[in-house]
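Numbering that gives the first Met the number 0 numbers the first residue of the sequence shown as 0 and each following residue consecutively. We put the beta carbon where it would ideally sit given N, CA and C, even for glycine. Every value quoted in this text rests on a predicted model; they were computed, and no experiment measured them.
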Amino acid sequence: MGSDQCIKLDMLGKKWFFSRSGNLEKLWDKMTGDEPGDEDRIPYWAEIWPASIVLAEHIHECSNMIRARSCLDVGCGLGLTSVVAQSSGADVLAMDSQLEALRYCRYNAFLNNKRDLKCVQMDWRSPGIMAGIFDFIWAADVLYEVRFTHPLTRLFKMALKVDGKIWIADPQRNVSEKIWHIFQDSGFKIRELKREKAGLNSHKATVRLIELTV
Numbered sequence: 000m001g002s003d004q005c006i007k008l009d010m011l012g013k014k015w016f017f018s019r020s021g022n023l024e025k026l027w028d029k030m031t032g033d034e035p036g037d038e039d040r041i042p043y044w045a046e047i048w049p050a051s052i053v054l055a056e057h058i059h060e061c062s063n064m065i066r067a068r069s070c071l072d073v074g075c076g077l078g079l080t081s082v083v084a085q086s087s088g089a090d091v092l093a094m095d096s097q098l099e100a101l102r103y104c105r106y107n108a109f110l111n112n113k114r115d116l117k118c119v120q121m122d123w124r125s126p127g128i129m130a131g132i133f134d135f136i137w138a139a140d141v142l143y144e145v146r147f148t149h150p151l152t153r154l155f156k157m158a159l160k161v162d163g164k165i166w167i168a169d170p171q172r173n174v175s176e177k178i179w180h181i182f183q184d185s186g187f188k189i190r191e192l193k194r195e196k197a198g199l200n201s202h203k204a205t206v207r208l209i210e211l212t213v
């Protein structure tokens, strides 16, 4: 789109292209810091993080499982996991609180899959989603503050079908250990699916992929 940057990924046996208006540093520099809620609008969405790569690979491995199933991508960003899931035939709803992120997510779906993608601007702290409608919910690198845990717990419990699964890819921050205990105390069963190093260029991190079930 115009003067946008394009991130090129070679993964899952093909090339993927993700457009963005600039990287995190460039977009952050444009923020004044004077607006209410600026702390919640830091443009983390403008990068493809190691956790999203691990999650996208897992989603691709589960293509047969998610095909024609209802899926929610929480904090979709540029849309890597949504786009990969859509290419596998999943019925995906991409959710983000940032309108610009959704604009690029939708564009990137068409860029890679030549199809429209359902997107919704929504804060997970006050979601407007019907109860029990998703077979799968996933999120990558969203556990960077403990204050997000209880809203996510409420969202997961409300939106997930009884036999549904939640996949969370997390780059092993210290804060995460406390968060897993909160999920357990809220009634979720926790299972580690994999742990691996991933990332673009020199920006690599060890990522844990966790499955939550009720």
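The stretch 188 to 199 makes no contact with the stretch 150 to 160; the number of CB pairs closer than 8 Å stays below 3.
Contact between Ile132 and Ser69 holds, since their C-beta atoms are separated by about 6 Å, short of 8 Å.
Here Leu79 really is in contact with Ala55; their C-beta atoms are around 5 Å apart, less than 8 Å. Shown here, Trp44 sits in a helix according to DSSP, grouped into three states.
Assignment of alpha helix (DSSP H) within the stretch 56 to 143, counting only whole runs of 4 or more residues, yields 62 to 65, 79 to 86 and 98 to 112 in chain order.
The Cβ neighbour count for Tyr103, taken over all protein chains shown within 10 Å, is at least 16; the residue is labelled buried. Apart from sequence neighbours up to five positions away, the residues of its chain that approach Ala130 with a beta-carbon distance below 8 Å are Met157 and Ala158, ordered along the chain. Comparing alpha carbon positions, the residue from Leu11, Trp48, Asp9 and Phe16 closest to Lys203 is Trp48. Asp115 and Ala139 have their C-alpha atoms some 22 Å from each other.
Between Gly88 and Ala67, the C-beta gap is smaller than 9 Å, which places the two residues in contact.
Between Ile181 and Val145, the gap from beta carbon to beta carbon is short of 9 Å.
For Arg153, the enclosing alpha helix (DSSP H) has its first and last residue at Thr148 to Ala158. Here Phe16 is exposed: its Cβ has fewer than 16 other Cβ atoms, across all protein chains shown, within 10 Å.
Membership of Gln183 in the alpha helix (DSSP H) is indicated by the continuous run Asn173 to Asp184.
By the CB criterion at 9 Å, Ile52 and Leu199 fall inside the cutoff.
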